[in-house]
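Chains A and B are the protein sequences, given in the same order.
Under this note's numbering, the first residue of the first sequence carries the number 1, and numbering increases by one thereafter.
Under this note's numbering, the first residue of the second sequence carries the number 1001, and numbering increases by one thereafter.
Note that CB positions come from ideal geometry on N, CA and C, so glycine has one too.
Note that this is a predicted model, so its numbers are computed, not measured.
What follows is one structure encoded as structure tokens, with my remarks underneath.
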Amino acid sequence: MATLPLEAERFDVEEFLAREQAKDLLRFTTAGSVDDGKSTLIGRLLHDARGAYEDQLKQAIRGGEIDFSLLTDGLRAEREQGITIDVAYRYFATPKRKFILADTPGHEQYTRNMATGASTAQLAIILLDAARGITTQSLRHAYITSLLGIPHFVIAVNKMDLVDYDQEVFHRIRAEFAPFLTRLGVDDAYFLPLSALKGDNVVDRSKNMPWFDGHSLLTQLESVDTSPVTVHAPFRMAVQRVVRPDMNFRGYAGQIASGVVRPGDEVLAQPSGRRSRVERIVTWEGDLEVAHAPLSVTLTLRDEIDISRGDMISSGPEPVSAKALEATMVWFDNDPLDPSRHYLIKHTSQIVPARVEAVEYRVDVNTLHAESVHTLSMNEVGVVRIATARPVFFDPYRENRGTGAFVLIDRQTNATAAAGMIVAAAEGGNESAAERLARLVRAAVPPGAHLNLPAEDETAIAMLRKALQGFFRHD
Amino acid sequence: MAWEISHLRALEAESIHILREVASEFQRPVMLYSIGKDSSVMVRLAQKAFHPAPIPFPFLHVDTSYKFKEMIEFRERQAAELGVKLIVNTNRKALDDGANPLRLGTERCCGLLKTTALLDGLRAGNFDAAFGGARRDEEKSRAKERVYSFRDGLGQWDPKNQRPELWNIYNSRIEPGESIRVFPLSNWTEMDVWQYIHLEKIPIVPLYFAKEREVLVRGNSVILTEQSFMGPRDGEKLQTVKCRMRSLGCSPCTGAIRSDADTIPKIIAELVAVRNSERENRVIDHDREGSMELKKREGYF
């Protein structure tokens, strides 16, 4: 268990530094609401693992006791309303590992914040209340976090003290929740009974639940595998910048999104489609013999080929190149998705004009049912078809978070309107004129209204009908 | 083959990615150079990001005129060694009117000499992106700040209406007059910064190292009396105390701590033992509850 260096009898700084340098980093996220005791859990974790400093603790004392939630709710509005409305990042370390925690609010109107916190996380803690059992909120948390591709889950059944540490309660919740996680494609879920308020199973194993033979939350956080899964995927690096200090040097700077690269490797440059071999991997410390995700490097190639910012350098199976994408999107903006509006997508290091051609369906985040709709509003999740002005080079998000993710930017307001996860290249490619007309009609017609079209052009009507399928009501 | 990387290499790779994105997507980026340890780390990361090319943007230092002498000497040395363009901006008018923290109080003094001078400096250079060395672990309101922190035409921050930030994809779109503050060290902690300085042998201002200094001890504060208006009051005498600065700011408002740490490993050892967060010795943060958030909304870094 965690012993802190300051508790050691003699503190040897050189030994400490050597140990520190061997530490890796785990990014994790928590989803839950005030009612689930989430802030209390985080406060307890920070306090017991010494992530909160004493002067901050002093400010969090209310009525003689530490109010752990005051350690994490940073903004004035949150303190005034007693809720967590944004993503707060917290940092702490144990002798084994460094942690970055993205603390996110749990209510449905903050689905977008949950998605934000989950986007960089390797592990998610889903918090359940033992007394209340599984709620629609827990299902929603599990869905959103799994959607963002988090590999590891901890299902923390909190407030066990309120049910007398009854193992039946824990086992019942686990039996009910596990199949749901399997359906979402979650392979690694660790179920854990705890009490954040009393400290049971948070840092140390609880004496109140001898029937539980697993380890504590902190031990789980310290032991989960952090080696980036992206290392085993094919090599991908989007070019951020062409480095050209003089006529003799031309390098391509970027952060390796996935895989491994060595001098001599054959690589493909997109969109040019030209191939070359890696000559050098240049860094400030000197050339490398091998580099891998997620390092930031500069590559030089043997051949002079035309590469600029936004281009993709890869090896192995080629990234998909497409101008029509099918993607899952989480809508962020106050203004709902408008198919007639101009958007931009930022994908890897390129910004491309784009249009959302169709909302294929919306997912009810509470029931996971697909619903036929025309648009997406704030905090809604749906599958859409997007047309881009230039090709994007991607892998499906499920296979590669780095090359499968994008954000959608509203061209008029510059707002980050949505987050997108590419499913595949959309079939059919670019829309025809008739499809475009149909899309505009669809956007203009209020839901449920009957259409009254001129009968001149049989073909256009047939195409419109096809495109409008699912939007007609047959009374 | 093992592919795990240490937390410092992971943070470094992330910061370099941010520096490159900004340098490539904005017309006129600038690095706000505060001379402190975080700036020193940011400078090293910038050297790495653009190697073998030089750092492609200028540095801007907001000089209140109350900075420690050793900080200014260090600034001049660094700029010369790096060969970057250094812009120094000072609110001369406020100083001519006699602005100092004793007369105005820290809140108004910071407002004039730091915030106003910073906004003026950014406007004068027409800078659309400004790097800052702030970290999210420093203070609660900073824990929610984005890596790309959007500022409107008046340089204001709206904490309730921040752009969502996912993965490593940053939204760089702004209108003329608007700007972005960029925090490449967002995910670093104080401990990470010191370990990186140690590992990379990064030069820092000597004030960080403990030595015997002539100081004024007033209550719990250990004050280096560089400014005449901070001199001893009736009955007070200067004493020799072995001390160092944990964070650098203006000499009247930044206290020293008693310390024997005269090497970086000793500073790290001290940090492990110290249980108070580093900004505690800053007078400004404690003006009132949430004061840092208020300052930031008005444009303070």
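### Task
Would you identify the three-state DSSP class for alanine 1053 (chain B), choosing helix, strand or coil?
In the second sequence, residue 1053 (chain B) corresponds to position 53, counting from 1. For alanine 1053 (chain B), the secondary structure class from DSSP, reduced to helix, strand or coil, is coil.
### Query
Buried or exposed: which applies to arginine 1163 (chain B), given that a residue is buried once 16 or more other Cβ atoms fall within 10 Å of its Cβ?
Position 163 of the second sequence holds residue 1163 (chain B). When all chains shown are included, arginine 1163 (chain B) counts as buried.
### Message
Closest to cysteine 1250 (chain B) by C-alpha separation, out of B:Ser1065, B:His1051 and B:Val1274, would be which residue?
### Response
Reading the second sequence from its first residue, position 250 is the one you call residue 1250 (chain B). Distances from the CA of cysteine 1250 (chain B) to each of B:Ser1065, B:His1051 and B:Val1274 were compared; the closest alpha carbon is that of B:Ser1065.
### Task
Could you name the residues of chain A that leucine 1008 (chain B) contacts, counting a contact when the two beta carbons are closer than 8 Å?
Walking along the second sequence from the start, residue 1008 (chain B) turns up at place 8. Result: Gln21.
### Query
Alpha carbon to alpha carbon, what distance is there between glutamine 1156 (chain B) and serine 1149 (chain B)?
As a position in the second sequence, residue 1149 (chain B) is number 149, starting the count at 1. As a position in the second sequence, residue 1156 (chain B) is number 156, starting the count at 1. Spanning the two alpha carbons is a distance of roughly 10 Å.
### Query
Taking the Cβ atom as the reference point for each residue, do arginine 280 (chain A) and arginine 1020 (chain B) lie within a distance shorter than 8 Å?
Counting from one through the first sequence, the residue named residue 280 (chain A) turns up at place 280. Counting from one through the second sequence, the residue named residue 1020 (chain B) turns up at place 20. No, the pair does not count as a contact, with Cβ atoms beyond the cut-off.
### Message
Is the separation between the beta-carbon of asparagine 158 (chain A) and that of glycine 37 (chain A) shorter than 8 Å?
### Response
Against the first sequence, residue 158 (chain A) aligns to sequence position 158. Against the first sequence, residue 37 (chain A) aligns to sequence position 37. Using a Cβ distance threshold of 8 Å, asparagine 158 (chain A) and glycine 37 (chain A) count as a contacting pair.
#### Entry: Spatially closest choice to isoleucine 305 (chain A) from A:Val282, A:Glu371, A:Phe235 and A:Leu268, by CA coordinates
The sequence position of residue 305 (chain A) within the first sequence is 305, counting from 1. Closest option to isoleucine 305 (chain A), Cα to Cα, is A:Leu268.
### Query
If you drop the 5 nearest sequence neighbours on each side, which residues of the same chain put their C-beta closer than 6 Å to that of alanine 358 (chain A)?
Position 358 of the first sequence holds residue 358 (chain A). The residues are Arg385.
### Query
How is the beta strand (DSSP E) around methionine 421 (chain A) delimited, first residue to last?
Working through the first sequence from its first residue, we reach residue 421 (chain A) at position 421. Its beta strand (DSSP E) spans residues 416-425.
### Query
If we ignore side chains and look at the alpha-carbon of each, how far apart do phenylalanine 332 (chain A) and asparagine 379 (chain A) end up?
Numbered from its first residue, the first sequence carries residue 332 (chain A) at position 332. Numbered from its first residue, the first sequence carries residue 379 (chain A) at position 379. Distance between the alpha carbons of phenylalanine 332 (chain A) and asparagine 379 (chain A): 6 Å.
### Message
Is leucine 17 (chain A) close to chain B? Criterion is C-beta to C-beta, closer than 8 Å.
### Response
Start at 1 with the first residue of the first sequence, and residue 17 (chain A) comes out as number 17. A Cβ of chain B is located within less than 8 Å of the beta carbon of leucine 17 (chain A).
#### Entry: Proximal residues of chain A, C-beta to C-beta of arginine 1163 (chain B) below 8 Å
In the second sequence, residue 1163 (chain B) corresponds to position 163, counting from 1. Neighbourhood of arginine 1163 (chain B) in chain A, by CB distance below 8 Å: Ala415 and Thr416, in chain order.
### Query
Leaving out the 5 sequence neighbours to the left and right, which residues in its chain are closer than 7 Å to histidine 152 (chain A) when beta-carbon positions are compared?
Translated into positions along the first sequence, residue 152 (chain A) becomes position 152. So the qualifying residues of the chain are Gln122, Leu123, Asp188 and Val224.
### Query
When Cβ atoms are compared, which residues of the region 1141-1159 of chain B fall closer than 7 Å to chain A?
Cβ contacts with chain A: Ser1141, Ala1143, Lys1144 and Pro1159.
#### Entry: Run of the beta strand (DSSP E) containing glutamine 270 (chain A), from where it starts to where it stops
Looking up residue 270 (chain A) in the first sequence gives position 270. Per DSSP, glutamine 270 (chain A) belongs to the beta strand (DSSP E) from 266-270.
### Query
Straight-line CA distance for proline 5 (chain A) to asparagine 208 (chain A)?
Position 5 of the first sequence, counted from the start, is the residue given in the question as residue 5 (chain A). Position 208 of the first sequence, counted from the start, is the residue given in the question as residue 208 (chain A). No answer about proline 5 (chain A) holds up, because its pLDDT of 45 lies below 50 and its placement is not dependable.
### Task
Quickly, what does DSSP pair lysine 346 (chain A) with across the bridge? List them, please.
In the first sequence, the residue the question calls residue 346 (chain A) occupies position 346. In the DSSP output, where bridge partners are listed per residue, lysine 346 (chain A) has A:Ile351 and A:Val407.
### Task
Spatial neighbours of phenylalanine 249 (chain A) within its chain, please: CB distance less than 8 Å, with the 5 preceding and 5 following residues excluded, ordered by chain position.
Working through the first sequence from its first residue, we reach residue 249 (chain A) at position 249. Taken in chain order, the residues that qualify are Val243 and Thr300.
### Query
Measuring CB to CB, does alanine 257 (chain A) end up less than 8 Å from alanine 293 (chain A)?
For the purposes of this step, residue 257 (chain A) is taken as the residue at position 257 of the first sequence. For the purposes of this step, residue 293 (chain A) is taken as the residue at position 293 of the first sequence. Annotated as proximal: alanine 257 (chain A) and alanine 293 (chain A), with beta-carbon spacing under 8 Å.
### Query
Would you call the CB atoms of tyrosine 91 (chain A) and alanine 102 (chain A) closer than 8 Å?
In the first sequence, residue 91 (chain A) corresponds to position 91, counting from 1. In the first sequence, residue 102 (chain A) corresponds to position 102, counting from 1. No, these two residues do not count as a Cβ contact at 8 Å.
### Beta-carbon proximity of methionine 329 (chain A) to alanine 419 (chain A), cut-off 8 Å
Here residue 329 (chain A) is taken as the residue at index 329 of the first sequence, counted from 1. Here residue 419 (chain A) is taken as the residue at index 419 of the first sequence, counted from 1. The answer is yes: Cβ separation under 8 Å.
### Query
Which residues, in chain order, does the region 83-101 of chain A contribute to contact with chain B at a C-beta distance below 9 Å?
Listed by position along the chain: Ile85, Asp86, Val87, Ala88, Tyr89, Arg90, Tyr91, Phe92, Ala93, Arg97, Lys98 and Ile100.
### Query
Is there a Cβ from chain B that is less than 8 Å from the Cβ of valine 423 (chain A)?
For this step, residue 423 (chain A) is matched to residue 423 along the first sequence. Not an interface residue.
### Query
By the criterion of Cβ-Cβ separation under 7 Å, what are the contact partners of aspartate 1137 (chain B) in chain A?
The count along the second sequence starts at 1 and reaches residue 1137 (chain B) at position 137. What aspartate 1137 (chain B) touches in chain A: Tyr91.
#### Entry: Range covered by the alpha helix (DSSP H) that runs through lysine 159 (chain A)
Stepping through the first sequence from its first residue, residue 159 (chain A) is reached at position 159. Counting along the chain, no alpha helix (DSSP H) covers lysine 159 (chain A), and no H or E run does either.
### Query
So the alpha helix (DSSP H) methionine 114 (chain A) belongs to, where does it begin and stop?
Mapped onto the first sequence, residue 114 (chain A) falls at position 114. Run containing methionine 114 (chain A): 111-119, per the alpha helix (DSSP H) assignment.
### Under 9 Å from the C-beta of valine 282 (chain A): neighbouring residues of chain B
The count along the first sequence starts at 1 and reaches residue 282 (chain A) at position 282. Close to valine 282 (chain A), with beta-carbon spacing below 9 Å, are these residues of chain B in chain order: His1051 and Pro1052.
### Message
Is it the case that the region 1046-1059 of chain B contacts the region 1015-1031 of chain B, given that we only count it when at least three CB pairs across the two stretches are under 8 Å?
### Response
Result yes; three or more Cβ-Cβ pairs closer than 8 Å.
### Burial state of serine 1247 (chain B) (16 or more Cβ within 10 Å)
Stepping through the second sequence from its first residue, residue 1247 (chain B) is reached at position 247. That one is buried.
### Within chain B, the residues that leucine 25 (chain A) reaches when beta carbons sit closer than 7 Å
What you label residue 25 (chain A) is simply residue 25 of the first sequence in a count that begins at 1. The answer, in chain order, is His1007 and Ala1010.
### Message
Please confirm whether serine 227 (chain A) has its beta-carbon closer than 8 Å to some beta-carbon of chain B.
### Response
As a working note, residue 227 (chain A) is residue 227 in the first sequence. Under the Cβ distance rule, serine 227 (chain A) counts among the residues neighbouring chain B, one pair being separated by less than 8 Å.
#### Entry: Distance, glutamate 318 (chain A) Cα to isoleucine 351 (chain A) Cα
Working through the first sequence from its first residue, we reach residue 351 (chain A) at position 351. Working through the first sequence from its first residue, we reach residue 318 (chain A) at position 318. Isoleucine 351 (chain A) and glutamate 318 (chain A): Cα-Cα distance of roughly 21 Å.
### Message
For glutamate 14 (chain A), would you say it is in contact with chain B, using Cβ-to-Cβ distances shorter than 8 Å as the test?
### Response
For the purposes of this step, residue 14 (chain A) is taken as the residue at position 14 of the first sequence. Yes - at least one Cβ of chain B is within 8 Å of the one on glutamate 14 (chain A).
### Task
Quick one: which residues of the region 1189-1220 of chain B get their C-beta closer than 9 Å to a C-beta of chain A? List them in chain order.
Within the region 1189-1220 of chain B, the residues whose Cβ lies closer than 9 Å to any Cβ of chain A are, in chain order, Thr1189, Met1191, Asp1192, Gln1195, His1198 and Leu1199.
### Query
Given that a residue counts as buried once 16 or more other Cβ atoms are within 10 Å of its Cβ, and exposed if not, what is alanine 1124 (chain B)?
Locating residue 1124 (chain B) in the second sequence gives position 124, counting from the first residue. Exposed is the call here.
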